[in-house]
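Numbering (our numbering), first residue to last: 52 to 500.
Using N, Cα and C, we set each Cβ at its ideal position, and we do this for glycine too.
Just so we're clear, the structure is a prediction, and the values are computed from it rather than from any experiment.
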């Protein structure tokens, strides 16, 4: 993806947490790599100048958790459409989950994804291999073979690794190959048949809820198995205050092999989203308010579910104090029919790539997060998790993956304009503040200025 030639990005506020930089600087790119960061760099005689005055210039965002659906579910997303959506959202590296058809449980399937990415992807794609064969939870996949083929970790995401002995074996193996096991944490017996968070909203809608304990129990189990084996353990899309405290205590015990991520929707939305909106467009947040035809909004159905406000607030605090390591989108596109049905029957998942920044900027504009910290959780922190020093940074010599954003621009979410095939977001028609203006991968502009 590297581009020959010279590009100068001039006049922006450059934020690069990997180097502790936050100030007005110019950024010079030559032949696809960063060649200089300084004030008042003279524009090249032959090259491209991008005027970033009034904008924020950061390393390209790194997403450790997304679903590109290919192979097998191309009606929902493809590597081509998903990575174009990622570029529009400012993401320059994305890690694809293995719940495809067939699952990414063999080197052959992994290599297929890498080959398709080389041919069709707009941004860099790093595959995640399955923990178990067919992601069925019964027998370990050939984890060594997957690691050699290019897997950056192992997950059965969409399914928990429910058997404790299988999880123990996976963590032991992960310690040998040095890659993380990323678990979708839910106790199946507590989750089974649930559609959304267990609470007053599920009661109001008459839907079976999923209790916080479903997640907490498995996170607690896995932490103890990580302590036993020494394997790298990562909590995918953490959602509850209880799980957050378990991760906090693990880190206080010195367990540096434990990490966690959180999504934009779990940081900014609660289970009341399933109630839809009132006639005047405002959110319904009272258990006694009359339901409108917008209730049972299937676009708000996601796994793990949107939780209560106290959990959301705890997650923001956990991100701020470093217990949660980074932000990941869990971009989960679905087709029209997967959401146009009853809430109970609807597919779990939200399409996130193209709204992520606008959602997260709510936290900055409200004062809940500082902008440099948000940028760190989207760049340097996930790159560190991947043990990569060539992405998530604007250090001299690094690959020129760059995101340029206007933190104040307001825009209305219109899913008809999404690059993603997945139009499934409860934010349709919402006004967000903060937008990506340009994305460069290897020095090449892949999302136009």
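Start-end ranges of the beta strand (DSSP E) lying completely within the segment 285-316, minimum 3 residues | 309-313
The alpha helix (DSSP H) with residue 274 in it runs from where to where?
-> Here residue 274 refers to the residue found at position 223 when the chain shown is read from its first residue. Unbroken alpha helix (DSSP H) run through residue 274: 263-280.
Enumerate in chain order the residues of its own chain whose CB-to-CB distance from residue 248 is below 7 Å, with the five nearest sequence positions on each side excluded.
-> What you label residue 248 is simply residue 197 of the chain shown in a count that begins at 1. Residues of the same chain with a CB within less than 7 Å of the CB of residue 248, apart from the 5 flanking positions on each side, are 260, 261, 322, 356, 357, 358, 359 in chain order.
Evaluate residue 342 with the Cβ neighbour count: other Cβ atoms within 10 Å of its Cβ, from every protein chain shown; 16 or more gives buried, anything less gives exposed.
-> Position 291 of the chain shown holds residue 342. With fewer than 16 other Cβ atoms inside 10 Å of its own Cβ, residue 342 counts as exposed.
Kindly indicate which three-state DSSP category residue 486 falls into: helix, strand or coil?
-> Along the chain shown, one-based indexing puts residue 486 at 435. In the structure shown, residue 486 sits in a strand (DSSP, three-state: E or B).
In terms of residue numbering, what span does the alpha helix (DSSP H) encompassing residue 228 cover?
-> The sequence position of residue 228 within the chain shown is 177, counting from 1. From DSSP, the alpha helix (DSSP H) with residue 228 extends over 215-228.
Residue 282 beta carbon less than 9 Å from that of residue 212 = In the chain shown, residue 212 corresponds to position 161, counting from 1. In the chain shown, residue 282 corresponds to position 231, counting from 1. Not in contact: residue 212 and residue 282 (Cβ atoms no closer than 9 Å).
Jot down the residue ranges of each uninterrupted beta strand (DSSP E) in the segment 158-184, minimum 3 residues, whole runs only, in chain order.
-> List check, beta strand (DSSP E) in window: 175-178.
Check residue 471 in the structure and name its three-state DSSP category.
-> Numbered from its first residue, the chain shown carries residue 471 at position 420. Correct three-state label for residue 471: coil.
Can you tell which of 417, 395, 382 has its C-alpha closest to the C-alpha of residue 364?
-> What you label residue 364 is simply residue 313 of the chain shown in a count that begins at 1. That would be 417, whose Cα lies nearest to the Cα of residue 364.
Express the C-alpha separation of residue 385 and residue 57 in angstroms, rounding to a whole number.
-> Indexing the chain shown from 1 puts residue 57 at position 6. Indexing the chain shown from 1 puts residue 385 at position 334. Approximately 40 Å between the Cα atoms of the pair.
Limits of the unbroken alpha helix (DSSP H) element including residue 371 = Counting from 1 along the chain shown, the entry for residue 371 is found at position 320. That run of the alpha helix (DSSP H) goes 360-371.
Inspect the CB distances between the segment 392-405 and the segment 236-256 and report whether three or more fall short of 8 Å.
-> yes
Backbone secondary structure at residue 52 - three-state DSSP = Residue 52 sits at position 1 when you count from the first residue of the chain shown. A caution first: residue 52 carries a pLDDT of 46, below 50, which makes its placement in the model too unreliable to give a value.
Have a look at residue 31 and residue 79 and give me their C-alpha separation to the nearest angstrom.
-> Beyond the ends of the chain as shown, which are 52 and 500, falls residue 31; an answer cannot be given.
Is DSSP giving residue 422 helix, strand or coil here?
-> Your numbering for residue 422 matches position 371 in the chain shown. Secondary structure of residue 422 (DSSP, three-state): helix.
Own chain partners of residue 508 with C-beta closer than 6 Å, once the 5 adjacent residues on each side are dropped | Because residue 508 is not part of the residues shown, which for the chain are 52 to 500, the question remains open.
Is DSSP giving residue 411 helix, strand or coil here?
-> As a first step, residue 411 must be located in the chain shown, where it is residue number 360. In the structure shown, residue 411 sits in a helix (DSSP, three-state: H, G or I).
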